[in-house]
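Numbering (our numbering), first residue to last: 592 to 828. All C-beta atoms, glycine included, are put in the ideal place defined by N, C-alpha and C. In what follows, a single structure is set out as structure tokens and then discussed.
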């Protein structure tokens, strides 16, 4: 009985924090204008994590899904940390500077995030022009493409496609170790925290659900055996 009451109190506390932050979302977006988007996430519902949104940089709406950045934070659980001032590119080509700040309850458990996205595409173009005029232009690393969308399936598909593209292979062309690496990489990015993700991955790869669970189980066993901290290569600190 006490455990149930404690759980209900924690849920009520989390709901209260989200309600309190909803007007903050609107206030930040209004302050920075049309180039700014603020998204409030409730990670208790990965497929519908967007609890509130103001602005339209990534095109998401309330009730939409988390991005792969949110999946990565969800995978880290209570060890997740804020990811500040990082740059990504949307599928449509927008250059976006973002900060993702995790939300914790009074017990320190991560349950959501407040995200600020600023469209810096035009700023980057002007900076490139000024650098060219000043003769200081040089090659810069291209930021990673991040999939944003209200549909969680599109985010999962994008992560799978990106992994296969890095391998320059189809599933049929991967050997055993690289198949395990694919499942491990997707797991470390939080994909399998999403409902039906195993079924979706299995369908995309043309394998049975049982085979997908088998690869996932083996990849987790290997991860535990080598003592990995679960942080995917190329992740933001």
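Between residue 701 and the set 726, 714, 812 and 670, the nearest pair of CA atoms involves 670. In the structure shown, residue 741 adopts coil according to DSSP, grouped into three states. Selection 807, 647 and 681 evaluated against residue 784 yields 807 as nearest (Cα-Cα). The C-beta distance from residue 659 to residue 750 rounds to 6 Å, short enough to meet the 8 Å contact threshold. When the Cα atoms are used, residue 630 and residue 601 turn out to be separated by approximately 22 Å. In this structure, residue 694 and residue 642 do not form a Cβ contact; the two beta carbons are roughly 10 Å apart against a cut-off of 8 Å. In the DSSP assignment, residue 773 forms no beta bridge with any residue.
In the structure shown, residue 622 falls within a helical segment according to DSSP collapsed to helix, strand and coil.
Sorting 796, 692 and 682 by C-alpha distance to the C-alpha of residue 675 places 692 at the top.
Between residue 661 and residue 704, the C-beta gap is smaller than 9 Å, which places the two residues in contact. CA-CA distance, residue 647 to residue 706, rounds to 13 Å.
When only Cα atoms are considered, residue 815 and residue 809 end up about 10 Å apart.
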